[in-house]
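These protein sequence lines map, in sequence, to chains D and C.
Each residue of the first sequence is one higher than the last, beginning at 12 in my numbering.
Each residue of the second sequence is one higher than the last, beginning at 2 in my numbering.
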Amino acid sequence: MSQKIFAPWDDPNEKPLIRFENVTKKFGDFTAIDDLTLNIYEKEFFALLGPSGCGKTTMMRMLAGFENPTSGKMELSGKNIAGIPPNKRAVNMMFQSYALFPHLSVWENIAFGLKRGDMDKRAIAARVEEMLKLTRLSKFAGRKPHQISGGQRQRVALARSLAKAPKLLLLDEPLGALDKKLRQDTQFELMDIQEGTGTTFVIVTHDQEEAMTVASRVAVMDEGRIIQVATPDGIYEAPNSVYVADFIGDVNIIEGIAKPAGEGTYRLNWAENEMPFVATSDVPFSDGQTAHLAIRPEKILITPDKPEDANNAVRGSVLDIAYLGNLSTYYVQLAGGQIIKAQTANTRRLSRRSITWEDKVWVSWSATAGVLLAQ
Amino acid sequence: MKRASWFNVTSLTLGFAFLYLPMVLLVIYSFNSSKLVTVWAGFSTQWYGELMQNEAFLDAALVTLKVAIASSTLATILGTMAAYVLVRGGRFTGRTLFSGMIYAPLVMPEVITGLSLLLLFIGIGLDRGVLTIVLAHTTFSMCYVSVVVSSRLVSFDRSLEEAALDLGCSAFDAFRLVTLPIIAPAVISGWLLAFTLSLDDLVIASFTTGPSSTTLPIKIWSAVRLGVSPEINALSTLMIGIVTVGVISASLISKRNAVKAQQDMQAAERGAT
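Right under this line is the structure:
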């Protein structure tokens, strides 16, 4: 039986849970969010990714109700939520600093939101126990926040924000304060909890690996605008601009002049006296248009001899090698001075590898390995 | 540890002698069995006993206590509110003026404060008595409270309040359930400070007092004009005791909280690894 692919954003009949329509937010003269339109669907794990100051935190604070849009429409399950205060929204937030109440125990922190409603005591206790179990905190229920470790505090913050079973949970850099190893474990835990509870998560992060790991879709933001919204593999393999290609992961950008060569194939004249590169593109380019070939280092093959059947092959010498253990990145300098990064997995041990500094090598890739971008 | 040089020792001794010698003398002479203040005639606690019989003093002590409790409580409420607005109100129009005006009484000569309050009370026809002293003390001790509380609020993580709002609190509930319990040590310190200020104020109280409401400092001041008695020494010793306890506990409360939080934090980090 084939599993149904979760992709509500491709279904025109699906109603979005959150709708931003031409939302603009200004702080004085500064435009934090610039005419932004976006749909987020139920059960999504949506990541807002961008450098600091790109407006991702402002967007989250507008969803939580701490800021109101200057203009535009913001809807949650079809209802306009602009102007509704944070305590009247079915939205909860997990803060970057966790914002645990230091004078209350773990149990009381989780119960805090529940006590604000008209839930009876027994129901509150049951819900808190459920949350403690979900986040594996039962042993620490009686402790104060400063008596537990950073990772446990992170889980308390998550349990507290999930306790009220919000329609939407906002996570502001939720793993920023954890060390790398713990962060990776917690990412999977977050995904499990998100799937288990069926809550829609919107996460703000500047860590692209984190966004790629947890999210169903990623929005790359810059200067108050969304540059691209796509699934993690869409963002990585089919970026829509040099900015996105460069922001996510490592990339080689080769600028040149495009020349159509039939059926979605183009030749890119990138340097004088060099063979043009061949690349395919779904987006049409006109003859003579400037284009950028974005190609990931791991899709470039590095060999001592010229490969027979490669669409694109060019000669250079190894300038530098970045050895990362599992991977090595070779910086290959071409005759014109351009540097191409090629990455290979170190499937053999060091002594058996043949390419080293100053070696003359060939770098090659297929016509479909890269993406042609207008800008 | 660096060894103390002779210079440090001398300046420390001089400094402390300058500050505390008069008080030490007063405390010692309060245990003098002689009626003559300047002649030592052996240890005795009889003046403390006689003090307990002196109704004029006891009445004054009661008035002082009432005034101190009422005014410090009022000052704490008003001072905390002022501090909250100053720190959290953002850049509202007239903020600089407001903060300047809050702190002005700190440097205002007490005589001026007392005189202006007296003029006000006469102007509005308020009979001078316990109420007027309470109002006067609230006026001048409120700014001390707001200084103490606002210094705590500045370092207060604002996202705690936002988290409370996010979890369904109204703005007032967020203050009552989250902000206030966390800044409580600072508020209590502020209260104790206001309490001790009110307890030993002579100048402002004498401007705003009425016939039936003599506070202890006024009583002592008028008694001393007829000659210092060992009874006064005993009374003053008690007051020094109360004020000392107040000030020390105010500073201990905030210090102990800080130390305890740090220890727990370290324990948690150790437990995590």
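From the three backbone atoms N, C-alpha and C, an ideal C-beta is built for every residue, glycine too.
The structure presented is a predicted model; accordingly, all values stated were derived computationally and were not measured.
Between the options, which has its C-alpha nearest residue i's C-alpha?
i        : options                                : result
D:Lys118 : D:Arg127, D:Arg100, D:Val231, D:Phe151 : Contrary to the premise, residue 118 of chain D reads as Trp rather than Lys in this sequence. Ranking the options by Cα distance to D:Trp118, first place goes to D:Phe151.
C:Ile70  : C:Thr46, C:Thr39, C:Leu132, C:Val225   : C:Leu132
D:Lys54  : D:Leu179, D:Gly273, D:Lys317, D:Arg278 : D:Leu179
C:Gln267 : D:Met142, D:Phe31, D:Pro156, D:Met85   : D:Pro156
D:Ala18  : D:Val34, D:Ile51, D:Phe31              : D:Ile51
C:Ser250 : C:Trp192, C:Ser214, C:Ser223, C:Asp201 : C:Trp192
C:Leu121 : C:Ala259, C:Phe208, C:Ser12            : C:Phe208
C:Ser223 : C:Thr238, C:Ile241, C:Val204, C:Leu239 : C:Val204
C:Ser171 : D:Ser252, D:Phe123, D:Arg307           : D:Phe123
C:Thr139 : C:Ser199, C:Val64, C:Val148            : C:Ser199
D:Gly64  : D:Glu248, D:Asp320, D:Val215, D:Ala356 : D:Val215
D:Asn357 : D:Ala170, D:Asn337, D:Phe57, D:Thr301  : D:Asn337
C:Phe173 : D:Phe288, D:Ala241, D:Ile92, D:Arg127  : D:Arg127
D:Val372 : D:Ile350, D:Gly381, D:Asp316           : D:Asp316
D:Phe112 : D:Pro62, D:Asp370, D:Gln165            : D:Gln165
D:Ser227 : D:Glu285, D:Pro308, D:Ala58, D:Phe41   : D:Ala58
C:Thr46  : C:Leu13, C:Leu239, C:Thr81, C:Ile219   : C:Leu239
D:His303 : D:Gly235, D:Gln198, D:Ile264, D:Lys270 : D:Ile264
Between residue i and chain D, is the shortest Cβ-Cβ distance under 7 Å, so that the two count as touching?
i        : result
C:Gly169 : yes
C:Ala259 : no
C:Ile184 : no
C:Ala273 : In this predicted model, C:Ala273 has a pLDDT of only 49, less than 50, meaning its place in the structure is not dependable; the value taken from the coordinates is given anyway. Closer than 7 Å to some Cβ of chain D, the Cβ of C:Ala273 qualifies, so yes.
Distance cutoff 7 Å, beta carbons only. Does residue i sit that close to anything in chain C?
i        : result
D:Ser108 : yes
D:Pro62  : no
D:Asn280 : no
D:Ala75  : yes
D:Met12  : Unreliable placement is indicated for D:Met12, whose pLDDT of 43 sits below 50; no coordinate value is reported for it.
D:His217 : no
D:Asn263 : no
D:Gly124 : yes
D:Asn103 : yes
Let's test the definition: count the other Cβ atoms within 10 Å of the Cβ of residue i and tell me whether it reaches 16, buried, or not, exposed.
i        : result
D:Ile29  : buried
C:Ala83  : buried
C:Tyr21  : exposed
D:Asp183 : buried
C:Lys36  : exposed
C:Asp202 : buried
C:Met143 : buried
C:Glu163 : buried
D:Phe258 : buried
C:Val39  : Rather than Val, the amino acid found at residue 39 of chain C in this sequence is Thr. The residue is exposed, with fewer than 16 neighbouring Cβ atoms inside 10 Å.
C:Leu253 : exposed
D:Phe288 : buried
D:Met142 : buried
D:Asp233 : buried
C:Arg129 : buried
D:Tyr334 : exposed
D:Ile16  : exposed
D:Ser365 : exposed
Among the residues of its own chain, which have a CB less than 6 Å from the CB of residue i, if the five just before and after it don't count?
i        : result
D:Lys26  : none
C:Tyr49  : Ala235
C:Ala165 : Ala175, Val179
D:Leu330 : Tyr342, Gln344
D:Thr81  : Thr35, Lys36, Lys37
D:Pro185 : Met105
C:Gly124 : none
C:Tyr85  : none
Suppose the cutoff is 8 Å on Cβ atoms and the five residues either side in sequence are ignored; what does the same chain contact list for residue i look like?
i        : result
C:Asn55  : Glu232
C:Thr274 : Since pLDDT at C:Thr274 reaches only 42, below the 50 mark, its modelled position is unreliable, and no value is offered.
D:Ile95  : Gly76
D:Asp196 : none
D:Ala249 : Ala241, Val382
So which residues on chain C does residue i lean against when the C-beta distance must stay under 8 Å?
i       : result
D:Pro97 : Glu163, Leu166, Asp167
Residues of chain C with a CB under 7 Å from the CB of residue i: which are they?
i        : result
D:Pro113 : Ile183
D:Gly128 : Gly169
Check the Cβ of residue i against every Cβ in chain D and list those closer than 8 Å, keeping chain order.
i        : result
C:Ser160 : Phe106, Gln107, Ser108, Ala110
Going along chain D in order, which residues have a C-beta closer than 7 Å to the C-beta of residue i?
i        : result
C:Val179 : Phe112
For residue i, collect the residues of the same chain with a Cβ closer than 7 Å to its Cβ; drop the 5 residues on either side in sequence, then sort them by chain order.
i       : result
D:Met12 : At D:Met12 the pLDDT is 43, less than 50, meaning the model places this residue with poor confidence; the figure from the coordinates comes in the next sentence. Nothing meets the Cβ criterion.
D:Thr68 : Asp183, Val215
Mind checking if residue i is an interface residue toward chain B, Cβ cutoff 7 Å exclusive?
i        : result
D:Val372 : Note that chain B does not occur in the displayed structure, where the protein chains are D and C.
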